[in-house]
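Structure record follows, encoded as structure tokens.
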Amino acid sequence: MTLNIRNKQADALARELAELDGTTITDAVVNALRETIASRLKNESPRETARRVLARRGLAFKPNRRPVPAEAFHELDHELASD
Numbered sequence: 001m002t003l004n005i006r007n008k009q010a011d012a013l014a015r016e017l018a019e020l021d022g023t024t025i026t027d028a029v030v031n032a033l034r035e036t037i038a039s040r041l042k043n044e045s046p047r048e049t050a051r052r053v054l055a056r057r058g059l060a061f062k063p064n065r066r067p068v069p070a071e072a073f074h075e076l077d078h079e080l081a082s083d
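So, in structure tokens, the structure goes:
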């Protein structure tokens with residue numbers, strides 16, 4: 001499987017990281033992606049992830065939004081099971 005990114009900045013950064021780590025460009029990119037994913041999962045709650053994704057698309061949660069009560073999920077689960 002091939003990942004082909006034609007971006008001068010990405011290429012330069014990947015080469016710099018590979019040199020710093022003493023690895024190949026491929027290993028540098030794989031390690032950087034793993035570290036970034038682990039960091040986001042560790043440092044970002046699902047709500048923060050949703051906010052970030054919405055913001056990237058010019059959207060946002062409504063102000064004063066309240067979470068759906070847990071009972072609603074219980075009721076929905078029972079409604080789906082009866083179908």
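Start counting the sequence shown at 1; every next residue gets the next number (the UniProt record's numbering).
Ideal placement from N, C-alpha and C gives every residue a C-beta, glycine not left out.
From a predicted model like this one, the values you see are computed outputs, not experimental measurements.
Rounded to whole angstroms, the Cβ separation of Asp-21 and Ala-28 is 6 Å, and the two are in contact under 8 Å.
Contact check for Ile-25 against Ala-38 fails: the beta carbons are separated by 9 Å or more. Distance from Leu-17 to Ala-32 at the Cβ level is roughly 6 Å; contact confirmed, criterion being Cβ atoms closer than 8 Å. For Asn-43, the enclosing alpha helix (DSSP H) starts and ends at 25-43.
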